[in-house]
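So the structure is just underneath, and the comments pick up after that.
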Amino acid sequence: MTGTAVISDRRLARQAAKRRRQRRGQAIAAISSIVVLGGLAVWILTSPGWPSVRETFFSWSEFRNAFPEVLGGFWLDVKVFVIVEIAVLIVGLVVALVRTSAGPALFPIRLIATVYTDLIRGVPTLLLVYLIGFGIPALRLTGLPTEPVVLGGIALGLSYSAYVAEVYRAGIASIHRGQRDAALAVGLTEAQALRHVILPQAVRRVAPPLLNDFLALQKDVVLISILGPQEAFRIAQIIQGENFNYTPLIAAALLFLIITVPLARLVDRLGGQTGAIR
Amino acid sequence: MSAAGTPVLEVRGVTKAFGEREVLRGVDLTVSEHEAIALIGASGSGKSTLLRCIDLLEEIDDGDVFLDGEVITDPAVEPVAVRRRLGLVFQAFNLFPHLTVLENVVLGEMRAQKVSRAEAEEHGRALLRRFGLEGRERDRPDDLSGGQQQRVAIARAFAGRPRALLLDEVTSALDPELVGEVLHAIRDLKTAGMTMVIATHEMGFAREVADEVAFLHDGTIVESGSPDRVLTEPEREETRRFLARLLESGRI
Chain W
264 MTGTAVISDR
274 RLARQAAKRR
284 RQRRGQAIAA
294 ISSIVVLGGL
304 AVWILTSPGW
314 PSVRETFFSW
324 SEFRNAFPEV
334 LGGFWLDVKV
344 FVIVEIAVLI
354 VGLVVALVRT
364 SAGPALFPIR
374 LIATVYTDLI
384 RGVPTLLLVY
394 LIGFGIPALR
404 LTGLPTEPVV
414 LGGIALGLSY
424 SAYVAEVYRA
434 GIASIHRGQR
444 DAALAVGLTE
454 AQALRHVILP
464 QAVRRVAPPL
474 LNDFLALQKD
484 VVLISILGPQ
494 EAFRIAQIIQ
504 GENFNYTPLI
514 AAALLFLIIT
524 VPLARLVDRL
534 GGQTGAIR
Chain H
1479 MSAAGTPVLE
1489 VRGVTKAFGE
1499 REVLRGVDLT
1509 VSEHEAIALI
1519 GASGSGKSTL
1529 LRCIDLLEEI
1539 DDGDVFLDGE
1549 VITDPAVEPV
1559 AVRRRLGLVF
1569 QAFNLFPHLT
1579 VLENVVLGEM
1589 RAQKVSRAEA
1599 EEHGRALLRR
1609 FGLEGRERDR
1619 PDDLSGGQQQ
1629 RVAIARAFAG
1639 RPRALLLDEV
1649 TSALDPELVG
1659 EVLHAIRDLK
1669 TAGMTMVIAT
1679 HEMGFAREVA
1689 DEVAFLHDGT
1699 IVESGSPDRV
1709 LTEPEREETR
1719 RFLARLLESG
1729 RI
């Protein structure tokens, strides 16, 4: 067969063309990055106010001075985030299960869960932190917490549980009815079908949106600062007020980025995977 | 298990409507021990609904279903206990995609019948071997061909040692070249004496495996009898027309 050599040539030509195309693409991407990012940098750095902005926002000495204290406050943010996150995962799941349940005995609880998710999602989180943070202590009931950090955490937990419950619920609803049928057909009870068949699939499916909500919660932890706790943003604000320099806020922003960016990349990767498989 | 002569399954005057649409309008069907009944009929004639009603996945409106002489469609009967005595195989397999092949097969035994994991897995492995799936135990259903998936589904339904197996058009979602391996598995069950109701479009298979063919039309069984008789000399006009349509479409 003389055809082999001919095909082989065509193949080489195609491979060479493909390589040329790739090299050209890379070159264009590099040049366009330099032009766009460089242009932006030049635009900002040559602005009339840049020297004073550099001094008030990006002062290295201010940064070094404020960083240890801001970092100290940041640990409180991390602690609140971790505890509230765990609570949200559990409360959100319970609310979602109540809302998807069918038993008539659960009707009042179902009603409460529905009203809860509707109301909470309709109120700005900041307002909720205010109302709970100042309202609960004002009741002067014994046994209720009065610690601002705890009250702020409760407010955040209530707010995010409502969103997370809806994410779980969407996940449960997205599992095909045939899965429940098959689980019942092998002799499982409704509760077993939910636990062993429907929930594991639902949770896997909603992992990316759940992580997205975590990302938002990580940042919204700063909202509790309005109740007084000395967390990163609050401390940065205090130092800023003393020295008339905004650099401490940049330090706080950097600390948040350190924990949020990796999570954002993870969300992206998970989302990409499910997109590729289905 | 059952007294001699007591049918394993008995369907009496079952009706079922979805809203205004009456799907079953008084179905009667008797399935004796070791007997395989092929349920034939056009799409939408109620074959799936009938099987789902027998397995109590749908609540019937009127009539009754008896399993080993006991009524199972009484509101006082616990459906979970009944489903554990029956096996149902779905047209679309409905395997659990988050579990391995072996886990699919043993889930019912472990959770419903409270069999120990070791015992359930030993049984599950033996079943998978029996249906030609040795070596696939740890695969996910998505990594299997349609024919393999349906054989896993058959093993799963069979794992609970059911009194009867209900097969709902188990080859309809398969590519033609994969149909044979699934029919082979059902043939094997028939040889082993399994009592079965087989809703099917495979007339050749119905003729070969079934002891009786029942033709479901417009929500009732209009004709039933030996496969040779019903499929070659149907008495009823509806049956004749149904078979003629199948013949035209090249399904026989």
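Protein chains in written order, with our numbering: chain W, 264 to 541; chain H, 1479 to 1730.
By construction, the Cβ of each residue, glycine as well, lies at the ideal position given by its N, Cα and C atoms.
By a C-beta neighbour count over all protein chains shown, 10 Å radius and 16 as the cutoff for buried, is residue i buried or exposed?
i                      : result
residue 1669 (chain H) : exposed
residue 1518 (chain H) : buried
residue 275 (chain W)  : exposed
residue 389 (chain W)  : exposed
residue 422 (chain W)  : buried
residue 1549 (chain H) : exposed
residue 1576 (chain H) : buried
residue 230 (chain W)  : Here chain W has residues from 264 to 541 only, and residue 230 (chain W) is not among them.
residue 1584 (chain H) : buried
residue 520 (chain W)  : exposed
residue 432 (chain W)  : buried
residue 391 (chain W)  : buried
residue 1571 (chain H) : buried
residue 424 (chain W)  : buried
residue 515 (chain W)  : buried
Between which two residues does the alpha helix (DSSP H) carrying residue i extend?
i                      : result
residue 1504 (chain H) : Counting along the chain, residue 1504 (chain H) falls outside any alpha helix (DSSP H), though it belongs to the beta strand (DSSP E) covering 1499-1509.
residue 1704 (chain H) : Residue 1704 (chain H) -> no alpha helix (DSSP H), and no H or E assigned at all.
residue 1517 (chain H) : Note, residue 1517 (chain H): premise wrong, no alpha helix (DSSP H); beta strand (DSSP E) at 1514-1518.
residue 1670 (chain H) : Where residue 1670 (chain H) is concerned, there is no enclosing alpha helix (DSSP H), given that its DSSP letter is neither H nor E.
residue 1568 (chain H) : Where residue 1568 (chain H) is concerned, there is no enclosing alpha helix (DSSP H), given that its DSSP letter is neither H nor E.
residue 1536 (chain H) : Neither: residue 1536 (chain H) is in no alpha helix (DSSP H) and is coded neither H nor E.
residue 475 (chain W)  : 470-483
State the DSSP-derived secondary structure class of residue i, mapped to helix, strand or coil.
i                      : result
residue 1523 (chain H) : coil
residue 373 (chain W)  : helix
residue 1544 (chain H) : strand
residue 1592 (chain H) : coil
residue 327 (chain W)  : helix
residue 1643 (chain H) : strand
residue 409 (chain W)  : coil
residue 283 (chain W)  : helix
residue 1578 (chain H) : coil
residue 1695 (chain H) : strand
residue 541 (chain W)  : In this prediction, residue 541 (chain W) has a pLDDT of 33, which is less than 50 and means its spatial position is unreliable; what the coordinates show is noted afterwards. Reduced to three states, the DSSP call for residue 541 (chain W) is coil.
residue 1687 (chain H) : helix
residue 460 (chain W)  : helix
residue 1677 (chain H) : strand
residue 1555 (chain H) : coil
Step through the CB atoms of chain W and report whether any lies within less than 8 Å of the CB of residue i.
i                      : result
residue 1575 (chain H) : yes
residue 1586 (chain H) : yes
residue 1558 (chain H) : yes
residue 1479 (chain H) : For residue 1479 (chain H), the predicted model reports a pLDDT of 46, less than 50, meaning its position is unreliable and no value from the coordinates is stated.
residue 1497 (chain H) : no
residue 1562 (chain H) : yes
residue 1634 (chain H) : yes
residue 1570 (chain H) : yes
residue 1591 (chain H) : yes
residue 1638 (chain H) : yes
Using a Cβ cut-off of 8 Å (strictly closer), state whether residue i contacts chain H.
i                     : result
residue 444 (chain W) : yes
residue 497 (chain W) : no
residue 463 (chain W) : yes
residue 448 (chain W) : yes
residue 455 (chain W) : yes
residue 473 (chain W) : no
residue 434 (chain W) : no
residue 537 (chain W) : Low confidence applies here, because residue 537 (chain W) scores a pLDDT of 47, under 50, leaving its location unreliable; read the following figure in that light. Not closer than 8 Å to any Cβ of chain H, the Cβ of residue 537 (chain W) fails to qualify, so no.
residue 275 (chain W) : no
From residue i to residue j, what distance separates their C-alpha atoms?
i                      : j                      : result
residue 504 (chain W)  : residue 512 (chain W)  : 11 Å
residue 438 (chain W)  : residue 1523 (chain H) : 27 Å
residue 1507 (chain H) : residue 1694 (chain H) : 11 Å
residue 529 (chain W)  : residue 480 (chain W)  : 16 Å
residue 361 (chain W)  : residue 373 (chain W)  : 6 Å
residue 1671 (chain H) : residue 1509 (chain H) : 13 Å
residue 1687 (chain H) : residue 1534 (chain H) : 26 Å
residue 449 (chain W)  : residue 1529 (chain H) : 14 Å
residue 1480 (chain H) : residue 1545 (chain H) : At residue 1480 (chain H), the pLDDT of 44 sits below 50, so the modelled position is not reliable and the matter cannot be decided from this model.
residue 344 (chain W)  : residue 527 (chain W)  : 16 Å
residue 1578 (chain H) : residue 475 (chain W)  : 29 Å
residue 1617 (chain H) : residue 1641 (chain H) : 29 Å
residue 399 (chain W)  : residue 409 (chain W)  : 7 Å
What are the start and end residues of the beta strand (DSSP E) that includes residue i?
i                      : result
residue 612 (chain W)  : Here chain W comprises residues numbered 264 to 541, so residue 612 (chain W) is not present and cannot be evaluated.
residue 1493 (chain H) : 1487-1496
Under the criterion of a Cβ to heavy atom distance below 7 Å, does residue i qualify as lining the ligand NAD?
i                     : result
residue 272 (chain W) : This structure lacks the ligand NAD; in fact it carries no ligand of any kind.
Practice problem: Check each residue of the region 1518-1543 of chain H: if its Cβ is closer than 7 Å to any Cβ of chain B, include it; give the result in chain order. | Solution: You won't find chain B in this structure, because its protein chains are W and H.
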